[in-house]
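Numbering (my numbering), first residue to last: -2 to 321. Cβ coordinates follow ideal geometry from the N, Cα and C atoms, glycine included. In this text, all values refer to a predicted model and were calculated from it rather than measured experimentally. The structure appears right after this line, and notes come after that.
Have a look at this one:
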């Protein structure tokens, strides 16, 4: 259990009816990890109030028990949601449920198997966004639990076009403006296979993004991780699926079609370089079939080569990528 009392955490908070930041945490069977995540939230040194929203998606381990113990000790900070059945298995994305419950001007994200290591994380990010109203989101650098010396996310400012070429942010580090989460956002995000990279893209329609020069969080890879447990082929297939959907989304006119096309073709080439098995090839064949980023001639050649020899496909597609 975290050592500080609720009063000690809240003693420097400015008087306010609403929290300035809503920390949104989703969890499922994170009994080994959730306490470390909660401690990272409670350790935040701020002069502004924050709330911690934790959504447990019907865990079958000790996760709910741990959350209940913390909610009992910190009833004015921690607000849990306990699902009676697993909703992720039914296609419901976990984070948007919390977005709708949040009250803060800003939303911070961290899943229950990751954790924060900087007690001034929120203070630093809020300070940046308050001073820079033309920015819609702010991330930081982070490391890996299995390899703390390896640092991820490159420091800098990122535009929408930068993000169309690839994800730059670690979800566990991001703080963003809640005001942009309109009805159209939920219509958009519900069409996407995952919620993080499309969220950054949506936010970047409204303002720039920044990764500041601080290592504030630790990412944990394990067999139960929703994304980290997927192999490289499935991860890259998801990227292609997202790009396809961007091109057909309600915000498609906000995206530069030439950059989306370049991103799709580049990621397809990267996917081929992972040397997928024949079974994995057929799993993403429909993504190629229905893509608007390849000509009919290209698709024809690709499908012929798939039937003949996969290695030639890499060579042929590399040629297309170079000359288009």
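Tell me the rounded alpha-carbon separation between residue 71 and residue 96. 21 angstroms
Could you check where the alpha helix (DSSP H) with residue 125 kicks off and where it finishes? 118 to 128
Determine, using beta carbons only, whether residue 52 and residue 94 come nearer to each other than 7 angstroms. yes
Output the distance between the C-alpha atoms of residue -2 and residue 34, rounded to the nearest integer angstrom. 12 angstroms
Cutting at 8 angstroms between CB atoms, please list the residues of its own chain near residue 247, excluding the five before and the five after it. 181, 184, 185
Excluding the 5 residues flanking residue 54 on each side, which residues of the same chain have their C-beta closer than 8 angstroms to its C-beta? 23, 24, 25, 80, 83, 84, 85, 91
Can you give the Cα-Cα distance for residue 13 and residue 44, rounded to whole angstroms? 11 angstroms
Between 207, 164, 168, 216, which has its C-alpha nearest residue 198's C-alpha? 164
Residue 48: first and last residue of the uninterrupted beta strand (DSSP E) it sits in: 47 to 53
Buried versus exposed, by CB contacts within 10 Å (16 or more), residue 287: exposed
Secondary structure at residue 72, three-state DSSP: helix, strand or coil? coil
Residue 108: buried (16+ other C-beta within 10 angstroms of its C-beta) or exposed? buried
Can you give me the C-alpha to C-alpha distance between residue 36 and residue 278, rounded to a whole angstrom? 43 angstroms
Cα-Cα separation, residue 155 to residue 260: 16 angstroms
Taking all protein chains shown into account, decide if residue 66 is buried (16 or more other Cβ within 10 angstroms of its Cβ) or exposed. exposed
In whole angstroms, what separates the C-alpha of residue 170 from that of residue 115? 11 angstroms
Helix or strand or just coil, what does DSSP make of residue 142? coil
So residue 177 packs on residue 203, CB below 8 angstroms; how close in whole Å? 5 angstroms
Beta-bridge pairing of residue 137 - partner residues as DSSP gives them: 209
Could you give the first and the last residue of the continuous beta strand (DSSP E) run that contains residue 174? 172 to 174
Taking its Cβ as the centre, do 16 or more other Cβ atoms sit within 10 Å of residue 201, making it buried, or is it exposed? buried
Determine whether the beta carbon atoms of residue 188 and residue 242 lie at a separation below 7 angstroms. yes
For the putative contact between residue 212 and residue 139, defined by C-beta atoms under 8 angstroms, what is the C-beta separation to the nearest angstrom? 6 angstroms
Does the Cβ-Cβ distance between residue 238 and residue 190 come in under 7 angstroms? yes
Is it buried or exposed for residue 216, if we count other Cβ within 10 angstroms and need 16 for buried? buried
Give the straight-line distance between the Cα atoms of residue 120 and residue 135, rounded to the nearest whole angstrom. 12 angstroms
CA-to-CA distance, residue 62 to residue 209, given in whole angstroms: 35 angstroms
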